[in-house]
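Protein chains in written order, with the working numbering: chain G, 1184 to 1634; chain F, 1184 to 1634.
Beta carbons are placed, not taken as given, at the ideal position from N, Cα and C, and that holds for glycine.
2 protein chains.
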Amino acid sequence: MTYEGYEHLIDLIAQGDEQALRNALEEIPPADIAEYIDQNFEVYSTLTLLEKMDAEQQAEVFGYLRPQNQQELASHMEVSVLAQLFRDMSSDERADVYALLDVKLQDAVMRRLAKRDREDLLRLASYEEGTVGAVMTSDYATIPESGVVEDAVRRLRQSAPEKETIYQVYVVDKDHRLAGVVSLRELITAAPTEKIQDLMTRDVVALKPEMPQSEAARIISRYDLIAIPVVSEEDVLLGIVTFDDAMDVVQEEDTESMHRSATVGKLESSIKEASPVLIYRSRINWLVLLVFANIFSGLGLMYFEETIETHIALLFFLPLLIASGGNTGAQAATLIVRGMATNDVERRDWLYMLGKEMLVSMGLGTTMAIAVATVAFFRVDSVIVPIVALSMLSIVLVGSLIGVLLPFILKRLGWDPAVASAPLVTTIADASGVLIYFGIAASFLTLTPPA
Amino acid sequence: MTYEGYEHLIDLIAQGDEQALRNALEEIPPADIAEYIDQNFEVYSTLTLLEKMDAEQQAEVFGYLRPQNQQELASHMEVSVLAQLFRDMSSDERADVYALLDVKLQDAVMRRLAKRDREDLLRLASYEEGTVGAVMTSDYATIPESGVVEDAVRRLRQSAPEKETIYQVYVVDKDHRLAGVVSLRELITAAPTEKIQDLMTRDVVALKPEMPQSEAARIISRYDLIAIPVVSEEDVLLGIVTFDDAMDVVQEEDTESMHRSATVGKLESSIKEASPVLIYRSRINWLVLLVFANIFSGLGLMYFEETIETHIALLFFLPLLIASGGNTGAQAATLIVRGMATNDVERRDWLYMLGKEMLVSMGLGTTMAIAVATVAFFRVDSVIVPIVALSMLSIVLVGSLIGVLLPFILKRLGWDPAVASAPLVTTIADASGVLIYFGIAASFLTLTPPA
């Protein structure tokens, strides 16, 4: 059934039946309408489509649109229409859209909002991007400590339409400090005369506004929470973060760390939307840096120039040996980086992880050494067989060592361990590989008298 | 406040104050207790700790534990205690634990369950791993089509304790077919006498049990749903998937695709828990395959043996040029693979993405060619400068081409595009790089008369 609504919408717009369209819009999920608009974006037809929805749906659909389309639409709307949209949007989405507007439009909209909305907007817009403050909403439901269940339910019933969720209800004291939390489930199963103070949970898991969003997402996922409160140092309730925002954060975070693992920098828009210039910028720095880093491998080769000239057959195994160190190292680094991202692996685990990896790579290296020795046996002078086998084992061990340690070192330095990406590990493993291979070759070939 | 509960628990256990421990356990989130147990796992002390909790909390904590610890505990529990635990656990978690038990224990537990629980357990355990059926729960709340709001709320109040969520209530007809959905929010804000039929949403987004879990997670995240129903071909309601299960699925999926991007196979447990043998198995196949794939680069080098022998200085630039093609290709592949995973990029976008990437890599290649030409200018014979510059540009373009196309080709073949990993792209780019570099060098150096 999922995309049914979406296709239905396309048909109705094509047919041009106004009334049918209005009726249908009420039944189609806002996310589907927004996807339709994003994929066929054109300012004026979108404005016409938005007009056919009621205020609440308009605000919801608008909230789902791509930022660049929101920006475009906002700049073409009448200011009074935009201000109305702002009143109907949830407070966190409103703050995001506000940040997209130019200063003039920001002022014009601000003047049309009520004092309370204005203050709320300015407060939410003031938190730094990527922090919990920037993603929280102030449309949460509160009840006073003193009442009973009956009063609380009555209050929720009235305030429900403006709240992001009423399934978690926050109990606050007279200074708006968070005293506890009650779920709607608890409220409707409790006796109407039960005291809120007896029903509420007092040990509430809460966030601080300056925490990174990724941390918030992890906590929400850990405790399976529908929403989590955000409090100040003095425990004053500032907002809530809901599970759907947390899911978006997880996806964004994963995209970012996936990109970083291939030395791609931050890309604000999707790869399909991003301009070639933006993509170029996100990639060029690391690429040029890696060009220079690879000079070390070149210098290694030049250092062994004579060995290579007299035994040119050694070159045949160069790509294979070098790549093996890089590949094993990239595997090790990825396992550690992902383990760190999911909080499985902590900094203090470094020695344990290193020990285990050495055991594993001893096995990997031995198997690969046998594979390469078999190739060498059929292809070249038998004197080279032990050289390539021993080189393989050493290169795999060193590659693994680099792959395990680099993420821990980066984390120690306060960097993102995801920078310990395949390309970086490979580059370092390459240079070591050249030295190991030809170092071993040179000593073997000097020891062995020429045939 | 987050980990406070956790540390508090450690203190209390150390102090040995039974009553204080019992009281504290009630206030500590089950996820925290489970983490404490997982990190200090010992069968008998855990069984003692579990005994101090009430039945509901016991079941919740048990559900959060690592599978291997669940298995260990289950095999040490009295069968009657285990059966009670099964009765209190949510139906999806129960099915997961059931699958871990040995056949004898499965039988023993089964015999102690009521017929309804038994059937439910067998049905949930029958779905294939990774499907929606395997993650759904049958503890959902339903109401009949015919009633009014008042009746529905009364019914929910009674059944709430056994339900995974009562915030989404499913309206079913007499054959248990899904007719619509009402949220608890709608129910408590509606007039008590309003008919359910008038209040409910009829176009319900629903899943099928055989769908992959990743698809379910995407839909839940797309529509910001607390829970989503699972229906049969005949629209009979089979279960629901809740947002917290969806978040777990997203995390698992991301771990898997991250690992695949470094040619690490499926790892059932966390990297910290996995045995060296398991880790070895998940990595060796691709590594050996890549050893053999790299033979092509070696053959390329041997083909140009003479060129290399007469111009050994060319070797200096080999690592740097080859790596650049691999790095650019890995970036391109990662961007496409991640775009596909988040549904940004679809199969039909291949030509558009390829065109954009060619534009981008033209820029990247030019910049990198200038960088390498500068190095060459200071280091070697000026005849080599144009060779390395031209090679760099060509290698980067070819690397990007491979990086963009490989994920699309794999997807077309029905494979996971994440297999188009850095190591695979790098290996293919390496072999092309060798041929391009020495091919260009050979033709330039033949054209240019020796100095």
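Neighbours of Thr1493 of chain G in chain F, taken as residues at a C-beta separation under 9 Å, are lacking, since the least C-beta distance is about 10 Å. Here DSSP, grouped into helix, strand and coil, assigns Ser1366 of chain F to strand. Under the Cβ criterion of 7 Å, Val1447 of chain F is counted among the residues facing chain G. Counting other Cβ atoms within 10 Å of its Cβ, Asp1322 of chain G reaches 16 or more and is therefore classed as buried. In the DSSP assignment, Ile1491 of chain F falls outside any beta strand (DSSP E) and lies within the alpha helix (DSSP H) extending over Glu1488 to Thr1493. Taken atom to atom, the span from the alpha-carbon of Ala1516 of chain F to that of Glu1451 of chain F is near 26 Å. Per DSSP, the beta bridge partners of Val1354 of chain F are F:Ile1326 and F:Gly1363. For Leu1390 of chain F, the pairing in a beta bridge is given by DSSP as F:Val1413. In this model, Ser1342 of chain G and Ile1371 of chain F are separated by some 11 Å (Cα to Cα). Bounds of the beta strand (DSSP E) holding Thr1425 of chain F are Leu1420 to Thr1425. DSSP lists G:Thr1314 as the bridge partner or partners of Pro1395 of chain G. Looking at the DSSP output, Thr1384 of chain G bridges to G:Val1364. For Thr1231 of chain G, there are no C-beta contacts with chain F under 7 Å, since the nearest C-beta of that chain is about 23 Å from it. Rounded to the nearest angstrom, the gap between the Cα atoms of Tyr1353 of chain F and Leu1367 of chain F is 10 Å.
Interface annotation, Phe1487 of chain F: not in contact with chain G, CB-CB separation never under 7 Å.
The residue among G:Leu1283, G:Ala1291, G:Leu1248 and G:Arg1249 with its C-alpha nearest the C-alpha of Gln1267 of chain G is G:Ala1291. Beta bridge pairing from DSSP links Lys1449 of chain F with no other residue. Residues of chain G whose Cβ lies closer than 8 Å to the Cβ of Leu1473 of chain F are, in chain order, Ala1506, Ser1507 and Asn1510.
For the segment 1402 to 1414 of chain F, residues whose beta-carbon sits nearer than 9 Å to a beta-carbon of chain G comprise Ile1402, Ile1403, Ser1404, Arg1405, Tyr1406, Asp1407, Leu1408, Ile1409 and Val1414. Sorting F:Leu1283, F:Met1319, F:Ala1324 and F:Ser1274 by C-alpha distance to the C-alpha of Asp1300 of chain F places F:Ser1274 at the top. Taken through DSSP and simplified to helix, strand or coil, Thr1511 of chain G comes out as helix.
As DSSP reads the structure, Lys1378 of chain F sits in a beta bridge with F:Val1331. Here Thr1557 of chain F carries a helix assignment [DSSP, helix/strand/coil]. Within the model, the alpha-carbon separation for Asp1437 of chain G versus Ser1458 of chain G is close to 21 Å.
Annotation: the continuous alpha helix (DSSP H) that includes Ala1476 of chain F extends over Pro1459 to Ala1476.
With respect to the C-alpha of Gly1586 of chain G, the residue from G:Arg1306, G:Ser1263, G:Ile1567 and G:Trp1533 having the closest C-alpha is G:Trp1533. Judged by their CB atoms, Ile1211 of chain G and Leu1192 of chain G are nearer to each other than the 7 Å cut-off.
For the pair Asp1427 of chain F and Val1558 of chain G, the Cα-to-Cα distance works out to about 51 Å.
DSSP, reduced to helix, strand and coil, places Thr1320 of chain F within a strand of the structure shown. Rounded to whole angstroms, the Cβ separation of Gln1241 of chain F and Asp1271 of chain F is 7 Å, and the two are in contact under 8 Å.
Classified as exposed, Ser1309 of chain G has fewer than 16 neighbouring CB atoms from the shown chains inside 10 Å of its CB.
Between the segment 1491 to 1508 of chain G and the segment 1556 to 1572 of chain G, the count of C-beta pairs closer than 8 Å reaches three or more; the two stretches touch. Put simply, the CB of Gln1380 of chain F is far from chain G, with every gap to its CB atoms at 7 Å or more. Residues of the segment 1594 to 1605 of chain G with a Cβ closer than 7 Å to any Cβ of chain F, in chain order: Ala1605. Straight-line spacing of the CA atoms in Tyr1247 of chain F and Gln1396 of chain F works out to 19 Å.
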